[in-house]
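In order, the protein sequences belong to chains A and B. Okay, so the first sequence: first residue is 1311 according to our numbering, each after it adds one. Okay, so the second sequence: first residue is 4 according to our numbering, each after it adds one. Glycine included, C-beta positions come from ideal geometry on N, C-alpha and C.
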Amino acid sequence: MLAAAVSRVLSGVTQKPASRVLVASCNYSNDAMFAIKKCDLYRLEEGPPVTTVLTREDGLKYYRMMQTVRRMELKADQLYKQKFIRGFCHLCDGQEACSVGLEAGINPTDHVITSYRAHGLCYTRGLSVRSILAELTGRRGGCAKGKGGSMHMYVKNFYGGNGIVGAQGPLGAGIALACKYKGNKEVCLTLYGDGAANQGQIAEAHNMAALWKLPCVFICENNLYGMGTPVERASASTDYYKRGNFIPGLRVDGMDVLGVREATKFVADYCRSGKGPIVMELQTYRYHGHSMSDPGISYRTREEVQNVRKKSDPIMLLKDRMVNSELATVEELKDIDVEVRKEVEDAAQFALTDPEPPLEELAHHIYCNTPAFEVRGANQWIKFKSLS
Amino acid sequence: MAAVSGLVRRPLEQVTVREAINQGMDEELERDEKVFLLGEEVAQYDGAYKVSRGLWKKYGDKRIIDTPISEMGFAGIAVGAAMAGLRPICEFMTFNFSMQAIDQVINSAAKTYYMSGGFQSVPIVFRGPNGASAGVAAQHSQCFAAWYGHCPGLKVVSPWNSEDAKGLIKSAIRDNNPVVVLENELMYGVPFEFPSEAQSKDFLIPIGKAKIERQGTHITVVSHSRPVGHCLEAATVLSKEGIECEVINMRTIRPMDIETIEASVMKTNHLITVEGGWPQFGVGAEICARIMEGPAFNFLDAPAVRVTGADVPMPYAKILEDNSVPQVKDIIFAIKKTLNI
């Protein structure tokens, strides 16, 4: 590993994790080149590049971000089981390369909208772990002041978190319409799952986006199961990247953060150039069941889940690449793990100790920019004041 | 003869409801670049009911957009555009078709400001003809005032005459919230005198305020949309018999101006509500419930009465259709019953 013949390492194969070795001096590479799986293409002459350069700085950033999403989701699992989180809780552990890779491929001024499995993107788009966890536990320090919960978190240029399967399809196309209208060269990443791909409104959004050449990247996060239904039992065609019909598409390994990044840059460029929408299928996997009420093993085997963890875990894949090409050491990454755990733990503490929103604010934020008015409670004598 | 001072009075214009809505939209399109109109046939066809006549010619493809027949899709696109900072007017060719898109209106538009804790506003207008037309049968005749009026987060307005139509569409477009504007196809071609203030480009009618169209002392008659006209006709007939009706034009369904209705009932001691929609769980039902809960209840000398559409899907044959919507004679009958005459 520490051989004198340093320079670039082409690593397309997952190697066994490097054993701990004492490094006398911190000699890191500044960057390394990696091979990426070639994407399946539909109605496209060319696809994203098959190699990419990862800088040490970016690598550490992606590692930290993915690890943060992972630990945050696991913490949410724990809090849910302890009944501090109620209702629906859809976790995205296993899919970290998608949210982190997407963010790496666009600008902060671009736009993102997704489904209810949103916590990862909430974080990568800029919400803090503590504001996410406090929203999950329904506290006033939550990003939506406790009013929204798991599925309704928003931040600048991130439009949630949408509870109705597929509704975000047309919404995202509308955001793209606004980008085109304003002429700002921004794009909108519009995510939906393999289940939502069968919603009629997705086809309607595809049609209008293509007709009007909207800068909309339709991204199908295919994690192989729509709740408890495997893709083969739901879709006449499981080639989701072709389901845009007249819209070009590509299919990407969603467990490789670098592959997702390059593909995202490619599709964002495509849209920015005014060619219209494009479809990107991310092949990914969720370790948890559909939600916290689904153990996730009635429609798939434990072995299948464990297999994916062992062979394709996105954090492991990045870690191996970085260690093997000397972009970072195992210790350094372990230090990041410790920091991340602490951040998540602190955030959880906040989420458990922050007070619930005050009852007086129950009726706030019904209307925007409207003078205060009275709102009826459970009976005619209970009145709440509504402020914008 | 005293010299006429420098005052010159312009003759009162006769403007149809259609023209009024057109004017309102035109003025707002001109005033704010972020405003745009989308819907089926709104651009090159000049609007299915010609309400958007001339707008595409004036503003072009970017701002007046013809959509495919994809209500759920284009309503969602409109909501997304509003979230991203534009101010769309989303036309449903009739509100019957809004049922296909109702999830986007309620779940994506109405609830979002609240769910986001006041972070994400949705400044959108959904407009189009609502309720019964003439001979279009059951699937094309439903009134959605009660359905949309039910939902917190929405504002719902229902103009009757031209002044209402212009003032309310302008207010709706300038409002930062999702506003449903329930127009009426049978009113589109009806001309009304346009008061001079309505000719101003900043003429706005506040959302949430009812108007007393006719003062009276014997009974309060509350209505919205086309039936307001029938109520005024009934009032004219009854006036000859010495019965003076106070006719209130609600103008807004949600937030409802119950105070104006209460004040009137406290004066007249009698109440009837008149609407085109079905009776069960309707606008009149809500008014009656609120009157019971408020100060006006103790001033009632008789139970409040509702006049509504018949509780049937709208039939086609003329005699059946005529008897499925409230007619002037039905309103007169209800008033007399309430007054025990």
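Residue-chain proximity (residue i, chain A), Cβ-Cβ < 8 Å
i, result
"valine 225(B)", "no"
"serine 349(B)", "With chain B covering 4 to 344 only, the question about residue 349(B) has no answer from this structure."
"glutamate 262(B)", "no"
"proline 198(B)", "no"
"threonine 70(B)", "yes"
"phenylalanine 77(B)", "yes"
"proline 298(B)", "no"
"glycine 80(B)", "Per the sequence shown, residue 80(B) should be read as isoleucine rather than glycine. Output row for isoleucine 80(B): interface = yes."
"alanine 87(B)", "yes"
"asparagine 180(B)", "yes"
"valine 101(B)", "Note that residue 101(B) is serine in the sequence shown, not valine. No, because no Cβ of chain A sits closer than 8 Å to the Cβ of serine 101(B)."
"proline 345(B)", "Nothing about residue 345(B) can be read from this structure; chain B reaches only from 4 to 344."
"serine 124(B)", "yes"
"alanine 23(B)", "no"
"glycine 170(B)", "no"
Neighbouring residues, chain D, relative to residue i (Cβ below 8 Å)
i, result
"serine 1698(A)", "The structure shown has no chain D; the protein chains it does contain are A and B."
Cutoff 6 Å; reference residue i; Cβ partners in own chain excluding five residues on either side
i, result
"valine 1541(A)", "Asp1504, Leu1534, Thr1548"
"leucine 1592(A)", "Cys1408, Glu1531, Val1562, Gly1564"
"methionine 1537(A)", "His1600"
"glutamate 1684(A)", "Lys1693"
"phenylalanine 1394(A)", "Thr1447"
"aspartate 1604(A)", "none"
"isoleucine 68(B)", "Leu41"
Rounded Cβ spacing between residue i and residue j (contact assumed at less than 8 Å)
i, j, result
"arginine 1435(A)", "valine 1465(A)", "5 Å"
"threonine 276(B)", "valine 310(B)", "7 Å"
"glutamine 142(B)", "asparagine 99(B)", "6 Å"
"alanine 237(B)", "isoleucine 338(B)", "7 Å"
"isoleucine 1676(A)", "asparagine 110(B)", "Not really, about 15 Å apart at Cβ, beyond 8 Å."
"glycine 170(B)", "alanine 137(B)", "So it is not a contact: roughly 26 Å between Cβ atoms."
"alanine 23(B)", "alanine 168(B)", "4 Å"
"methionine 1375(A)", "proline 1624(A)", "So it is not a contact: roughly 11 Å between Cβ atoms."
"leucine 185(B)", "serine 228(B)", "7 Å"
Buried/exposed call for residue i, threshold 16 Cβ in 10 Å
i, result
"tyrosine 319(B)", "exposed"
"valine 323(B)", "The question names valine, but residue 323(B) is leucine in the sequence shown. Classification of leucine 323(B): exposed, given that the 10 Å Cβ count is below 16."
"glutamine 1690(A)", "exposed"
"phenylalanine 1468(A)", "buried"
"lysine 173(B)", "buried"
"asparagine 1555(A)", "exposed"
"aspartate 205(B)", "exposed"
"threonine 1663(A)", "exposed"
"alanine 1486(A)", "buried"
"arginine 1596(A)", "buried"
"arginine 177(B)", "buried"
"threonine 1361(A)", "exposed"
"methionine 295(B)", "exposed"
"threonine 1424(A)", "buried"
"glycine 83(B)", "buried"
"leucine 1669(A)", "exposed"
"glutamate 216(B)", "buried"
"lysine 1457(A)", "buried"
"lysine 1621(A)", "exposed"
Contact with chain B by residue i, beta-carbon distance below 8 Å
i, result
"cysteine 1678(A)", "yes"
"tyrosine 1469(A)", "yes"
"asparagine 1494(A)", "no"
"lysine 1348(A)", "no"
Same chain, Cβ closer than 8 Å to residue i, neighbours up to 5 away in sequence not counted
i, result
"methionine 75(B)", "Gln103, Ala104, Asp106, Gln107"
"glycine 297(B)", "Ile261, Glu265"
"arginine 1440(A)", "Gly1451, Asp1656, Ala1657, Phe1660, Ala1661"
"alanine 1544(A)", "Asp1504, Gly1505, Asn1508, Gly1536"
Proximal residues to residue i (C-beta, below 7 Å), its chain only, five neighbours per side dropped
i, result
"phenylalanine 284(B)", "Ala149"
"methionine 317(B)", "Ala135, Ala140, Ala141, Ser144, Glu324, Ser327"
"asparagine 272(B)", "Phe302, Leu303, Asp304"
"aspartate 314(B)", "Trp281, Pro282, Gln283"
"arginine 1381(A)", "Val1650, Arg1651, Val1654"
"leucine 1437(A)", "Cys1453, Met1463, Val1465"
"alanine 1682(A)", "Lys1695, Ser1696, Leu1697"
"alanine 81(B)", "Leu41, Pro91, Cys93, Ile127"
Open item on the list: Please list, in chain order, the residues of the stretch 140-157 of chain B that have any C-beta partner in chain A closer than 7 Å.
Closed with: Going along the stretch 140-157 of chain B in chain order, one finds Pro155, Gly156 with a Cβ nearer than 7 Å to chain A.
Task: Contact set between the stretch 106-118 of chain B and chain A, restricted to residues whose Cβ is under 7 Å from the partner - done: Residues of the stretch 106-118 of chain B with a C-beta atom less than 7 Å from some C-beta of chain A are Asp106, Gln107, Asn110, Ser111, Tyr116, Tyr117, Met118, listed in chain order.
- [ ] Could you please tell me which residues of the stretch 1561-1580 of chain A, in chain order, have their CB closer than 7 Å to any CB of chain B?
- [x] Here the close residues number zero.
Task: Residues in the stretch 1443-1464 of chain A having any Cβ partner in chain B nearer than 7 Å - done: The residues in question are Ala1454, Lys1455, Lys1457, Gly1458, His1462, Tyr1464.
- [ ] With 7 Å as the C-beta to C-beta threshold (strictly closer), list the residues of the stretch 302-324 of chain B near chain A in chain order.
- [x] Listed by position along the chain: nothing, the set is empty.
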